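A short worksheet on the structure shown next.
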Amino acid sequence: KDGAMGDFGTEIISAEQQGQCFPLRGVSNDIPFQDSLFEEYRQTIHPPFKLYLFGSGHDVQSFSELASHLGWTTTVVLCEESPRYPDDFPNATHVIRATGNELKNLKPDLQSAAVVMTHNFEKDLDYIQGLLGFNIAYLGMIGSMKRKTKLENYLTSAGFTEAEIKHINTPAGLDIGSETPEEIALS
């Protein structure tokens with residue numbers, strides 16, 4: 115009121131003019147109100163990206179850790195007989211046990227990705243079949259081209275459409291010659 119703290123508005127504008135402030139991301143509009151103009155600033159803040167990892171190996175642990183550094187919400191889905199526990203995935207937001215038929219409670223959407231990496235074809239197939247009912251941004255399964263062909267044959271015989279099958283990215287990730295769990299997570 116008495117100016118002892120300074121005029122912050124002037125200081126901010128001054129710093130911005132000097133290039134000392136980061137530019138704001140969003141929409142700014144001048145809004146008339148009574149005899150004055152007010153600046154309105156709106157920014158859309160999206161929820162964090164959701165990643166669903168199916169499996170319990172070291173590659174899932176590494177992938178979960180990498181995703182946490184990106185600020186993603188990560189759910190690790192373990193099969194019923196997995197010897198792993200939630201403490202084995204300290205960077206995961208959630209760790210659950212589920213079969214492919216129990217995935218309806220997850221509710222993945224277009225802000226979600228799922229990577230199936232159980233290293234067991236029957237379990238992978240179960241999870242893939244459960245995930246194909248969702249409109250998900252990315253659905254991947256690790257494995258060879260031979261495994262991809264086997265998966266496509268099973269899904270075709272089970273009545274899935276070509277469009278549904280083409281939504282599965284197999285092998286998942288980028289071919290960077292990954293060998294270690296960390297390299298697989300990065301790919």
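When the letters of the sequence shown are read in order and numbered with my numbering, they come out as residues 115 to 301. Ideal placement from N, C-alpha and C gives every residue a C-beta, glycine not left out. Since the structure is predicted, the reported quantities are computational estimates derived from the model, not experimental observations.
Open item on the list: Between I145 and the ligand ATP, is there a pair consisting of the residue's CB and a ligand heavy atom that are separated by less than 7 Å?
Closed with: Absence of the ligand ATP is noted for the structure shown, with no ligands found whatsoever.
- [ ] State the Cα-Cα distance for the pair H183 and P200, rounded to the nearest angstrom.
- [x] Residue 183 sits at position 69 when you count from the first residue of the sequence shown. Residue 200 sits at position 86 when you count from the first residue of the sequence shown. Annotation: H183 to P200 spans about 18 Å, alpha carbon to alpha carbon.
Task: Opposing strand residues paired with D144 [DSSP bridges] - done: By 1-based counting over the sequence shown, the position of residue 144 is 30. DSSP lists E153 as partners of D144.
Open item on the list: Can you look up P295 in the DSSP assignment and give me helix, strand or coil?
Closed with: Position 181 of the sequence shown, counting from 1, holds the residue named residue 295. Under the three-state reduction of DSSP output, P295 falls in the helix class.
Open item on the list: Which same chain residues end up closer than 6 Å to F136 when comparing Cβ atoms and leaving out the 5 residues on each side of it in sequence?
Closed with: The residue given as residue 136 occupies position 22 in the sequence shown. Below a pLDDT of 50, predicted positions are generally treated as unreliable, and F136, at 44, falls in that range; the measurement from the model is reported next regardless. None.
Task: In DSSP terms, what G244 is bridged to - done: Taking the sequence shown and counting its residues from 1, one reaches residue 244 at position 130. Paired residues: none, contrary to the question.
- [ ] Give every residue of the same chain whose Cβ lies closer than 6 Å to the Cβ of Y252, excluding the five residues on either side of it in the sequence, and list them in chain order.
- [x] Position 138 of the sequence shown, counting from 1, holds the residue named residue 252. For Y252, where only same-chain residues beyond five positions count, the Cβ hits under 6 Å are A227.
Open item on the list: Can you find the residues in the same chain that come closer than 8 Å, C-beta to C-beta, to L224, ignoring five residues on each side of it along the sequence?
Closed with: For the purposes of this step, residue 224 is identified with residue 110 of the sequence shown, where counting begins at 1. Here the set comprises N249, I250, A251.
Open item on the list: Tell me the residue span of the beta strand (DSSP E) that contains R211.
Closed with: Looking up residue 211 in the sequence shown gives position 97. Unbroken beta strand (DSSP E) run through R211: 208-211.
Open item on the list: Checking 8 Å against the spacing of the C-beta atoms, do E278 and S176 come in under that value?
Closed with: Sequence index remark: in the sequence shown, residue 278 carries index 164 (1-based). Sequence index remark: in the sequence shown, residue 176 carries index 62 (1-based). Contact: no.
Open item on the list: Cutting at 8 Å between CB atoms, please list the residues of its own chain near L151, excluding the five before and the five after it.
Closed with: Position 37 of the sequence shown, counted from the start, is the residue given in the question as residue 151. These residues qualify, in order along the chain: D144, I145.
Task: E179 to S258 span [Cα, whole Å] - done: Here residue 179 refers to the residue found at position 65 when the sequence shown is read from its first residue. Here residue 258 refers to the residue found at position 144 when the sequence shown is read from its first residue. Approximately 24 Å, taken between the alpha carbons.
Open item on the list: Checking 8 Å against the spacing of the C-beta atoms, do L265 and L239 come in under that value?
Closed with: Counted from its first residue, the sequence shown places residue 265 at position 151. Counted from its first residue, the sequence shown places residue 239 at position 125. Going by C-beta atoms, L265 is nearer than 8 Å to L239.
Task: Residue range of the unbroken beta strand (DSSP E) whose run includes S182 - done: Here residue 182 is taken as the residue at index 68 of the sequence shown, counted from 1. Where S182 is concerned, there is no enclosing beta strand (DSSP E), although the alpha helix (DSSP H) it sits in stretches over 172-183.
Task: Alpha carbon of H160 to alpha carbon of P222, nearest angstrom - done: Counting from 1 along the sequence shown, the entry for residue 160 is found at position 46. Counting from 1 along the sequence shown, the entry for residue 222 is found at position 108. Across the structure, H160 and P222 are spaced so that their CA atoms are roughly 15 Å apart.
Task: Expected contact under 8 Å - CB spacing of H172 and T189 to nearest Å - done: Counting from one through the sequence shown, the residue named residue 172 turns up at place 58. Counting from one through the sequence shown, the residue named residue 189 turns up at place 75. Separation of the CB atoms of H172 and T189 is rounded to 18 Å, and the pair is thereby denied contact status at 8 Å.
Task: Cα-Cα separation between T263 and F203, rounded to whole angstroms - done: Stepping through the sequence shown from its first residue, residue 263 is reached at position 149. Stepping through the sequence shown from its first residue, residue 203 is reached at position 89. Between the alpha carbons of T263 and F203 lies a distance of about 31 Å.
- [ ] Reducing DSSP to helix, strand and coil, say where A251 ends up.
- [x] Indexing the sequence shown from 1 puts residue 251 at position 137. Judged by DSSP in its simplified three-state form, A251 adopts coil rather than helix or strand.
TODO: Give the secondary structure of N283 by DSSP, where H, G and I count as helix, E and B as strand, and everything else as coil.
DONE: Translated into positions along the sequence shown, residue 283 becomes position 169. In this structure, N283 counts as strand in the three-state DSSP scheme.
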